[in-house]
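Visitor: Residue numbers (the working numbering): 1 to 286.
Idealized CB from N, CA, C, for every residue including glycine.
All figures in this text were calculated on a predicted structure; none of them were measured in a lab.
1) Hey, could you find the ends of the beta strand (DSSP E) residue 236 is sitting in?
2) Cβ atoms of residue 223 and residue 141: under 8 Å apart, would you say?
3) Count the other C-beta atoms from every protein chain shown that fall within 10 angstroms of the C-beta of residue 281, then say buried if there are 16 or more, exposed otherwise.
4) Counting pairs of beta carbons, one from the segment 129 to 139 and one from the segment 253 to 265, are three or more of them closer than 8 Å?
5) Could you tell me the distance, in whole angstroms, from the CA atom of residue 5 to the CA atom of residue 72?
6) For residue 32, count neighbouring Cβ atoms within 10 angstroms of its own Cβ and tell me buried if that reaches 16, exposed if not.
7) Alpha carbon to alpha carbon, how far is residue 51 from residue 195? Give it in angstroms, no decimals.
8) Only counting runs of 4 or more residues, tell me where the alpha helix (DSSP H) segments fall wholly within the segment 105 to 174, in order along the chain.
9) Hey, out of 41, 27, 37 and 53, whose CA is closest to residue 14's CA?
10) Considering Cα atoms alone, identify which of 77, 106 and 121 is closest to residue 89.
11) Pull up the distance between the alpha-carbon of residue 237 and that of residue 7, whole angstroms please.
12) Using the three-state DSSP reduction, which class does residue 1 fall into: helix, strand or coil?
13) For residue 134 and residue 205, I'd like the C-alpha separation in whole angstroms.
14) Going by DSSP, what residue range makes up the alpha helix (DSSP H) through residue 246?
15) Just how far apart, CA to CA, sit residue 180 and residue 261?
16) Okay, do the segment 238 to 249 and the segment 108 to 126 touch, 3+ Cβ pairs below 8 Å being the bar?
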């Protein structure tokens, strides 16, 4: 890497520059998303600086020191093909170490780069966008969808742990604090069989994470969000294993966008229950 470029840990003062990089790429993250990751794992949030400006970023969010999720990989377009992304990736992987499973969600273009660093494909996801110009949702939902309250959290966290495989309490609690009216659940015989959280991005309202016992529950949760936040642009990232929902999404105004490839460095010690793992939180958080 060029001698005038150097790597260091990210600081809060770098977030303005980081937001500039993500805005150029049309990403949906907000400064609060960067702060969430930086606060939890400051040593795993890195930048490359050149000519007194941040020209590259990468961050990793660690779940219980067992799963590290790499995201926010950005390089200024005028500084590409200078080894910055590989330098950032190698450094963050080294810092994570070999005690944790390492995963990320890659674009098809990024997949080739990550394969050179030892990542292999786990499965595909697809991004779906619903513009606010889409027709209003008129259908009624026979499933009772409830608004999440703080009292529901012990049961939500227990349910989430069974499917995700690790404790995501800090993440889910912060998502709830940021948008409490965007969290819903479904119960059957007093047992949670589905939940969803949302967050307001800089461009779109992101649906996810969402865990549900079946497609019927997932549809009810998504419908409730569409009705609650009518007039918003929506985005969700859905695993290919839930392909039976594709036609349902299309009929409700969603359009399938780009593919994302979930990748990991072997061995993969943390595996989700894919049958119940519907929507990811976002490519930067899994």
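Guide: In this structure, then:
1) Taking the chain shown and counting its residues from 1, one reaches residue 236 at position 236. Unbroken beta strand (DSSP E) run through residue 236: 234 to 239.
2) Along the chain shown, one-based indexing puts residue 141 at 141. Along the chain shown, one-based indexing puts residue 223 at 223. Yes; because the gap between Cβ atoms is below 8 Å, this pair is in contact.
3) Mapped onto the chain shown, residue 281 falls at position 281. Per the 10 Å Cβ criterion, buried.
4) Taking 8 Å as the limit for Cβ pairs, the verdict is that the segment 253 to 265 does touch the segment 129 to 139.
5) Your numbering for residue 5 matches position 5 in the chain shown. Your numbering for residue 72 matches position 72 in the chain shown. Cα to Cα, residue 5 sits roughly 19 Å from residue 72.
6) In the chain shown, counting from the first residue as 1, residue 32 sits at position 32. Around the beta carbon of residue 32, a 10 Å sphere encloses fewer than 16 other beta carbons of the protein chains shown; the residue is thus reported as exposed.
7) Against the chain shown, residue 195 aligns to sequence position 195. Against the chain shown, residue 51 aligns to sequence position 51. Between residue 195 and residue 51, the C-alpha separation is close to 46 Å.
8) Qualifying alpha helix (DSSP H) stretches, in chain order: 108 to 116 and 153 to 164.
9) Residue numbering aside, residue 14 sits at position 14 when the chain shown is read from its first letter. Closest by alpha carbon: 53.
10) Here residue 89 refers to the residue found at position 89 when the chain shown is read from its first residue. Nearest option by C-alpha distance: 106.
11) To locate residue 237, count along the chain shown from 1; it is residue 237. To locate residue 7, count along the chain shown from 1; it is residue 7. Roughly 31 Å separates the two Cα atoms.
12) If you number the chain shown from 1, residue 1 lands on position 1. Unreliable placement is indicated for residue 1, whose pLDDT of 46 sits below 50; the coordinate value is still reported in the next sentence. Three-state result, residue 1: coil.
13) By one-based count along the chain shown, residue 134 stands at place 134. By one-based count along the chain shown, residue 205 stands at place 205. A straight-line Cα-Cα distance of about 14 Å links residue 134 and residue 205.
14) Against the chain shown, residue 246 aligns to sequence position 246. Note, residue 246: alpha helix (DSSP H), 246 to 251.
15) Counting from 1 along the chain shown, the entry for residue 180 is found at position 180. Counting from 1 along the chain shown, the entry for residue 261 is found at position 261. The straight-line gap separating the alpha-carbon atoms of residue 180 and residue 261 is approximately 30 Å.
16) Yes: the two stretches touch, three or more of their Cβ pairs being nearer than 8 Å.
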